[in-house]
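Counting from 1, position 38 in the sequence shown corresponds to residue 46 in my numbering; the numbering is continuous, with no gaps. From the three backbone atoms N, C-alpha and C, an ideal C-beta is built for every residue, glycine too. Only one structure is covered here, and it is reproduced in the block below.
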Amino acid sequence: MQNESPTISRLLNAESLEINPKIQPPAGSSLAAASLGELSLVIGEGDRAAERERLEKEIAKLEADLKSTEAKLANKSFVERAPKNVVEKHQLRRDDFRTRLAQLRQARASLDRTSRDRN
């Protein structure tokens, strides 16, 4: 990932970029989950409302996706008749949705905490 830091920095329009798997996110940062790990973004006061709105939209979408996937898996007919690999795919999706939701909720809580701490 270090090799891609100039590209990542440009895409994020970031003033600086530090890649460190052991760093603790600073206060006032927002966390984003990615397949390679977590990304901590330090955001300014004016961007907090926009970041919270983005998190809320993403959480709502994932909750809807999770509900739909769980409904399929709760359908006995689907589970019995669908090929095993299809059922397994839905189980993996469900697990992924749960993980991502937990990460996004944590990011939202962190953002809310830092907003309260600044007030």
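Cβ-based neighbour list, residue i, same chain, cut-off 7 Å, excluding 5 preceding and 5 following
| i | result |
| --- | --- |
| Ser17 | Leu25 |
| Val87 | Leu81, Val95 |
Cutoff 8 Å; reference residue i; Cβ partners in own chain excluding five residues on either side
| i | result |
| --- | --- |
| Arg102 | Leu74, Thr77, Glu78, Leu81 |
Collapsed DSSP secondary structure at residue i in the structure displayed
| i | result |
| --- | --- |
| Leu25 | coil |
| Asn83 | coil |
| Ala90 | coil |
| Gln32 | coil |
Sequence-distant residues of its chain with Cβ nearer than 6 Å to residue i (five each side left out)
| i | result |
| --- | --- |
| Ile67 | Leu112 |
| Leu109 | Leu70 |
| His1 | Absent from the model: residue 1. The displayed extent of the chain is 9 to 127, so no value can be given. |
Nearest-angstrom Cα separation, counted from residue j out to residue i
| i | j | result |
| --- | --- | --- |
| Gln114 | Thr122 | 12 Å |
| Asn83 | Ala58 | 38 Å |
| Pro91 | Thr15 | 41 Å |
| Asn11 | Glu23 | 17 Å |
| Phe6 | Ala72 | Lying outside 9 to 127, the shown extent of the chain, residue 6 is not represented and no answer is given. |
Rounded distance between the beta-carbons of residue j and residue i, thought under 8 Å
| i | j | result |
| --- | --- | --- |
| Leu63 | Leu119 | 7 Å |
| Arg116 | Arg60 | 7 Å |
CB of residue i within 9 Å of CB of residue j, strictly
| i | j | result |
| --- | --- | --- |
| Ser13 | Ile27 | yes |
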